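Visitor:
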Amino acid sequence: MQNDSYRKNLIAKVHIGKSQLKMDEETYRTFLMNAVNKTSCKAMTNAELTQVLALMAQRGAKVRSNFWGNRPSPAKAKKPYLAKITALLAKHNLTPQYADAIGKKAFGIEFIDWLAVWQLKKVIQMLSVYDNKKKL
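Numbering of the sequence shown is given in the numbering used here, commencing with residue 4 and proceeding in unit increments.
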């Protein structure tokens, strides 16, 4: 599921890049063929889609992504803990879905934004253990 939404997101970004670069259909297909030897995003792997996005960025497309997507903002009491979690994730180039998976596995709750403060502290501890293991 997660990989599928990630893939759809990449394809959407490629199409946004196509619009920003004002490519007609023929130019777009030629660009894809030159980039990855495929004429359709559907036939590409995630790595190839990422490669196409990088090439579009070199040509001036500004495709950006929000780190946390369109999630509602959490309660004020949770913000420092979520900031710490975000910092630990960014330090190791981990996606927000990694923290969501920790929360789901440990507490059965889908998103870390929905966790209670004591649960957020536990997630921080888990990420700190991960951080310490990576330092060794």
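Glycine included, every Cβ here is placed at the ideal spot set by N, Cα and C. Every value quoted in this text rests on a predicted model; they were computed, and no experiment measured them.
To the nearest angstrom, how far is it from the Cα of N96 to the Cα of L123?
Guide: Distance between the alpha carbons of N96 and L123 is about 20 Å.
Visitor: CA-CA distance, K107 and Y101?
Guide: Those two C-alpha atoms are separated by around 10 Å.
Visitor: Less than 8 Å separating the beta-carbons of M47 and F34?
Guide: No, Cβ-Cβ distance for M47 and F34 is not below 8 Å.
Visitor: Please report how far the alpha carbon of G111 lies from the alpha carbon of M129, in whole angstroms.
Guide: So the two alpha carbons sit approximately 15 Å from each other.
Visitor: Does K16 pass the burial test, meaning 16 or more other C-beta atoms within 10 Å, or should it be called exposed?
Guide: Buried: at least 16 other Cβ atoms inside 10 Å.
Visitor: For M59, does the count of other Cβ atoms within 10 angstroms reach 16, so buried, or fall short, so exposed?
Guide: So M59 counts as buried.
Visitor: If I'm right that I88 touches D103 with Cβ under 8 Å, what's the distance once you round it to whole angstroms?
Guide: About 10 Å; that fails the 8 Å criterion.
Visitor: Apart from the five residues just before and just after A64, which ones in its own chain have a Cβ nearer than 6 Å to its Cβ?
Guide: Correct list, in chain order: G20, Q23, L24.
Visitor: Work out the CA separation of E29 and Y133 for me, nearest whole Å.
Guide: In a straight line, the C-alpha of Y133 is about 48 Å away from that of E29.
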